[in-house]
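As structure tokens, the structure follows; a few thoughts come after it.
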Amino acid sequence: MVVCGDDGLAHRLATELRGVYREQVVLVVPPSRSTPPQPMAGRARAASAALFGRMVTAVNRGTGDSDDTLVPDERVMEAAEPSEAVLADAGVDRAAALALVYDDDETNIRAALTARRLNPRLRLVLRLYNRRLGQHIEELLDQAAEVTGGTPAGHRGGHGGHAGHGADIATTVLSDADTTAPALVATALVGTSKVVDAEGLLLRAVERRPPRPGEVADPGLCTLALLSATSNDPAGAEGSEDSGDGPQLLPDAEAVAAATGRGAVVLEQVSYSGPPLPARRAGVMPFASLFSARLRWSLAGLVAAVVALAVALILMTDDHPLHAIYITLLDLFAINDPAVDAPLGQQILQLLSGLVGLLLLPVLLAAVLEALGTFRTASSLRKPPRGLSGHVVLLGLGKIGTRVLTRLRELHIPVVCVEADPEARGMAVARRLRVPVVVGDVTQEGVLESAKIHRADALLALTSVDTTNLEAVLYARSVRPDLRTVLRLYDDDFAKAVYRTLRTAHPAALTRSRSVSHLAAPAFAGAMMGRQILGAIPVERRVLLFAAVVVDGHPQLEGRTVAEAFRPGAWRVLALDTAARGAGAGAEPPGSGLVWDLPDTYVLRAGDRVVLAATRRGLAELLGRRTRSPR
0 MVVCGDDGLA HRLATELRGV YREQVVLVVP PSRSTPPQPM AGRARAASAA LFGRMVTAVN
60 RGTGDSDDTL VPDERVMEAA EPSEAVLADA GVDRAAALAL VYDDDETNIR AALTARRLNP
120 RLRLVLRLYN RRLGQHIEEL LDQAAEVTGG TPAGHRGGHG GHAGHGADIA TTVLSDADTT
180 APALVATALV GTSKVVDAEG LLLRAVERRP PRPGEVADPG LCTLALLSAT SNDPAGAEGS
240 EDSGDGPQLL PDAEAVAAAT GRGAVVLEQV SYSGPPLPAR RAGVMPFASL FSARLRWSLA
300 GLVAAVVALA VALILMTDDH PLHAIYITLL DLFAINDPAV DAPLGQQILQ LLSGLVGLLL
360 LPVLLAAVLE ALGTFRTASS LRKPPRGLSG HVVLLGLGKI GTRVLTRLRE LHIPVVCVEA
420 DPEARGMAVA RRLRVPVVVG DVTQEGVLES AKIHRADALL ALTSVDTTNL EAVLYARSVR
480 PDLRTVLRLY DDDFAKAVYR TLRTAHPAAL TRSRSVSHLA APAFAGAMMG RQILGAIPVE
540 RRVLLFAAVV VDGHPQLEGR TVAEAFRPGA WRVLALDTAA RGAGAGAEPP GSGLVWDLPD
600 TYVLRAGDRV VLAATRRGLA ELLGRRTRSP R
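Structure below.
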């Protein structure tokens with residue numbers, strides 16, 4: 000695996016590939032002298048970049064499966080830019096995958112085109128901020144691989160994650176904003192970033208304490224692992240990873256029933272229990288909101304007066320109803336001839352119609368002004384409603400904050416945004432989604448109060464300035480000590496230090512500090528491993544992988560029931576993707592999309608695509624990946 004980048008994401012991605020997936024990694028970073036200035040917390044990482052690749056593989060014992068073999072050391076190269084010579088020296092021509100995670104889109108695109116020419120079979124993972132351009136680049140690079148005779152990269156004996164019989168798609172374009180949004184949303188809602196995005200469905204791994212005598216624990220979707228912690232050493236406490244006999248991954252029903260004193264990790268769907276906002280289609284305004292109630296009553300009264308005048312004219316002249324209404328409207332708008340020679344009754348009706356016409360003019364003018372004001376208000380930013388509570392306060396509408404806002408509104412979660420820059424990229428999105436926004440510096444007094452922070456459920460501090468995020472969280476803690484807070488920080492080490500300090504100062508509260516590179520690296524690493532990898536969840540000192548696999552060609556799955564395909568400690572089928580399966584004979588589970596409650600008697604067929612959880616060694620065996628011998 001070759002990783003090229005110029006910020007913390009490259010280092011974190013290399014660590015993820017080496018520690019979680021046991022891959023050989025070549026890391027290409029700019030020389031130390033050309034590295035741009037970083038915040039104080041990030042300088043320690045930049046200063047130690049030269050030693051990064053020389054770390055002994057014994058460090059991996061703390062993050063990997065204990066039964067996996069160690070991998071060779073990481074190789075670090077320094078280069079100002081990923082030129083053709085640099086990529087060739089990094090071994091792109093014989094590499095399995097290349098990740099280009101520079102902060103500049105043009106640099107990533109230029110290097111991707113060069114790498115595709117050097118190795119048509121190479122799996123490419125690009126970091127691009129422009130999502131529309133990324134779609135076109137992905138199609139272009141895949142077409143170039145096909146024209147040059149290269150098969151889809153990643154075909155190393157396994158099957159891809161899509162419904163076809165081929166391997167993985169050769170090129171994947173990702174944005175760190177899109178990949179971090181699910182984890183940030185899950186952290187704000189349920190307090191954990193151990194989430195997997197399976198076909199748009201957010202799943203979380205929850206650590207549960209051992210049930211008390213007489214209690215029945217909720218199994219969730221399934222039990223992923225039994226923790227090493229006992230009832231005397233509760234799960235989640237620091238140091239509990241070393242207690243007991245170690246965690247047991249993917250246990251069977253007998254092992255779960257026998258583990259009476261052990262905590263468990265179960266899989267659940269992320270949901271929100273707070274008060275949701277009324278769901279509205281973006282950009283659609285109800286007709287009733289154009290006019291005030293007083294104006295609507297005025298219009299209704301005038302219409303009733305016109306109908307009464309028309310009825311009176313019909314009764315007086317025995318005229319046709321349509322003609323009577325027409326004459327009444329002419330009198331109303333003062334465009335009819337004066338009824339000089341008409342009977343007295345018609346003259347009185349004409350005078351009354353003229354009077355109603357005079358009353359109609361100011362009402363119509365008021366209606367026009369109110370409609371214009373309503374449209375102007377709809378195009379401007381909304382203020383938080385007075386009675387709003389149980390909402391999420393989102394600080395920062397930049398690249399990441401905008402994507403998190405969109406994801407929160409997709410889940411119908413009430414949000415109040417705070418942004419200092421009126422021209423921020425997320426302002427248009429907030430205006431389109433009709434989300435309340437407070438414009439102001441969050442460090443100034445009264446701004447968080449305007450966002451109703453004292454009645455909020457969670458605070459997401461996602462600005463690009465670490466000190467601003469930290470100051471906002473500390474101030475929110477002084478207002479609401481039990482508030483759930485999530486802050487974005489630049490550096491992993493700084494984020495860990497802030498987390499430990501806030502947890503010590505506020506033991507009853509829930510605080511999470513996350514760096515973007517820490518949250519984005521698993522998605523980029525999964526794309527480098529192949530699109531069948533959906534994500535990874537750590538369980539103490541081990542890792543569980545989630546993958547989408549086509550059953551065809553896997554004798555361990557094809558023709559077997561769900562119960563027979565389950566191998567404890569190796570892999571377990573969790574769900575069936577009925578939308579991706581082809582038409583075939585036999586019974587099919589009801590529903591569409593992902594079916595999680597598969598019966599144990601369901602027989603897996605060649606056209607099925609399943610989502611499974613597996614250990615690293617189990618997934619390597621299932622997909623036929625290569626194994627490494629100990630050094």
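Numbering follows numbering that gives the first Met the number 0, in which position 348 of the sequence shown is assigned residue number 347; successive positions increment by one, without gaps.
Quick reminder that beta carbons are idealized off the backbone N, C-alpha and C, glycines included.
The model shown is predicted, which means the values in this text are computed figures rather than measured ones.
1. Note the first and the last residue of the continuous alpha helix (DSSP H) segment covering Arg293.
2. From what residue to what residue does the alpha helix (DSSP H) around Val561 run?
3. Within a Cβ cutoff of 7 Å, which residues of the same chain sit near Glu631, ignoring the five residues on either side of it in sequence?
4. For Asp551, would you say it is in contact with chain C, using Cβ-to-Cβ distances shorter than 8 Å as the test?
5. Could you check the C-alpha separation between Tyr101 and Leu597 for me, to the nearest Å?
6. Nearest-angstrom Cα distance between Val472 and Thr484?
7. With distances taken from CA atoms, which of Leu469, Leu518, Leu357, Ile532 is nearest Leu501?
8. Under DSSP, the beta strand (DSSP E) around Ala520 begins and ends at which residues?
9. When the Cα atoms are used, what is the spatial distance from Leu125 to Pro421?
10. Between Leu331 and Val362, how many whole angstroms is the CB-CB distance? I'm expecting something under 8 Å.
11. Out of Ala13, Arg93, Ala94, Leu99, state which residue places its alpha-carbon closest to the alpha-carbon of Ser82.
12. What would DSSP say about Ala546, mapped onto helix, strand or coil?
13. What is the C-beta distance between Leu407 and Ala429, in whole angstroms, given that I count them as a contact (C-beta under 8 Å)?
14. Go ahead and pull the three-state DSSP assignment for Ala460.
15. For Thr147, count the other beta carbons within 10 Å of its own beta carbon; 16 or more makes it buried, fewer makes it exposed. Which is it?
16. Report the option in Ala605, Gly617, Met528, Arg487 whose CA atom is closest to the CA atom of Arg541.
17. Just curious, the beta strand (DSSP E) that Ile452 is in, first and last residue?
18. Judging by CA-CA distance, which residue of Leu394, Pro480, Val515 is the nearest neighbour of Thr503?
19. Quick one: residues in its chain with C-beta nearer than 6 Å to the C-beta of Ser388, no 5 flanking neighbours on either side, listed in chain order?
20. For Gly90, which of Ala252, Thr113, Gly552 has the nearest alpha-carbon?
21. Which of helix, strand or coil does DSSP assign to Arg608?
22. On a CA-only basis, which of Arg559, Val434, Ser477, Arg74 is nearest Leu393? Give me that one, please.
23. Go ahead and pull the three-state DSSP assignment for Thr14.
24. For the beta strand (DSSP E) that Glu22 lies in, which residues bound it at each end?
25. Could you give the first and the last residue of the continuous alpha helix (DSSP H) run that contains Gln142?
26. To the nearest angstrom, report how far apart Val75 and Asp6 are at their CA atoms.
27. My assumption, with CB atoms under 8 Å, is that Leu486 sits in contact with Ala460. Please give the rounded CB distance.
28. Would you kindly work out how many angstroms separate the C-alpha atoms of Val610 and Trp296, rounded to a whole number?
29. Alpha carbon to alpha carbon, how far is Leu308 from Leu371?
30. For Gly219, which residues from the same chain have a beta carbon less than 8 Å from its beta carbon, with the 5 sequence-adjacent residues on both sides left out?
31. Since Ala95 contacts Arg116 with CB under 8 Å, what's their CB separation in whole angstroms?
32. Exposed or buried, Leu518, counting other C-beta atoms within 10 Å across all chains shown (16 or more means buried)?
33. Just to confirm my understanding: we take Phe565, look at its own chain, exclude 5 residues before and 5 after, and list those with CB closer than 6 Å. What are they?
34. To test your reading of the DSSP string, which unbroken alpha helix (DSSP H) runs of 4 or more residues are found completely within the segment 327 to 415?
35. Give every residue of the same chain whose Cβ lies closer than 6 Å to the Cβ of Ala613, excluding the five residues on either side of it in the sequence, and list them in chain order.
To lay it out plainly:
1. Counting along the chain, Arg293 sits inside the alpha helix (DSSP H) bounded by residues 292 to 316.
2. It spans 561 to 564 - the alpha helix (DSSP H) in which Val561 sits, taken as one unbroken run.
3. No answer is possible for residue 631: the residues shown for the chain start at 0 and end at 630.
4. Any reference to chain C falls outside this structure, which holds one protein chain only.
5. Roughly 42 Å between the two C-alpha positions.
6. Rounded to whole angstroms, Val472 to Thr484 spans 7 Å at the Cα level.
7. Of the listed residues, the one whose Cα sits closest to Leu501 is Leu469.
8. It is not in any beta strand (DSSP E) - Ala520 instead sits in the alpha helix (DSSP H) that spans 515 to 528.
9. Spanning the two alpha carbons is a distance of roughly 31 Å.
10. In fact, because the Cβ distance is near 12 Å, the residues do not count as touching under 8 Å.
11. Ser82 has its Cα closest to that of Leu99, out of Ala13, Arg93, Ala94, Leu99.
12. Reduced to three states, the DSSP call for Ala546 is strand.
13. At roughly 11 Å, the Cβ-Cβ gap does not stay under 8 Å, so Leu407 and Ala429 are not in contact.
14. Of the three classes helix, strand and coil, the one that applies to Ala460 here is strand, per DSSP.
15. Thr147 is classed as exposed because its beta carbon has fewer than 16 other beta carbons within 10 Å across all chains shown.
16. Measuring C-alpha to C-alpha distances from Arg541 to each of Ala605, Gly617, Met528, Arg487 identifies Gly617 as the nearest.
17. Taken as a continuous stretch (DSSP letters only), Ile452 belongs to no beta strand (DSSP E), as it is neither H nor E.
18. In this structure, Pro480 is the residue among Leu394, Pro480, Val515 with its C-alpha nearest to the C-alpha of Thr503.
19. If we look at Ser388 and ignore the five residues flanking it on each side, its Cβ neighbours are Arg454.
20. Considering only alpha carbons, the answer is Thr113.
21. DSSP places Arg608 within a strand segment (E or B) once states are collapsed to three.
22. Nearest of Arg559, Val434, Ser477, Arg74 to Leu393, Cα basis: Val434.
23. Thr14 falls in the helix class under three-state DSSP.
24. Annotation: Glu22 is outside any beta strand (DSSP E) and is labelled neither H nor E by DSSP.
25. 130 to 146 is the span of the alpha helix (DSSP H), which, as asked, contains Gln142.
26. If you take the alpha carbons of Val75 and Asp6, they lie about 14 Å apart.
27. The pair is a contact, with the Cβ atoms about 4 Å apart (cut-off 8 Å).
28. Using only the alpha carbons, I get a separation of about 58 Å.
29. Cα to Cα, the separation comes out at about 31 Å.
30. For Gly219, where only same-chain residues beyond five positions count, the Cβ hits under 8 Å are Val205, Val265, Leu266, Glu267.
31. Actually they are not in contact, since the Cβ atoms of Ala95 and Arg116 sit about 17 Å apart, beyond 8 Å.
32. When all chains shown are included, Leu518 counts as buried.
33. Closer than 6 Å at Cβ, skipping near neighbours: Arg571.
34. Taking 4 residues as the minimum length, the alpha helix (DSSP H) runs contained wholly in the segment 327 to 415 are 343 to 378, 398 to 409, in order along the chain.
35. Here the set comprises Leu544, Trp570.
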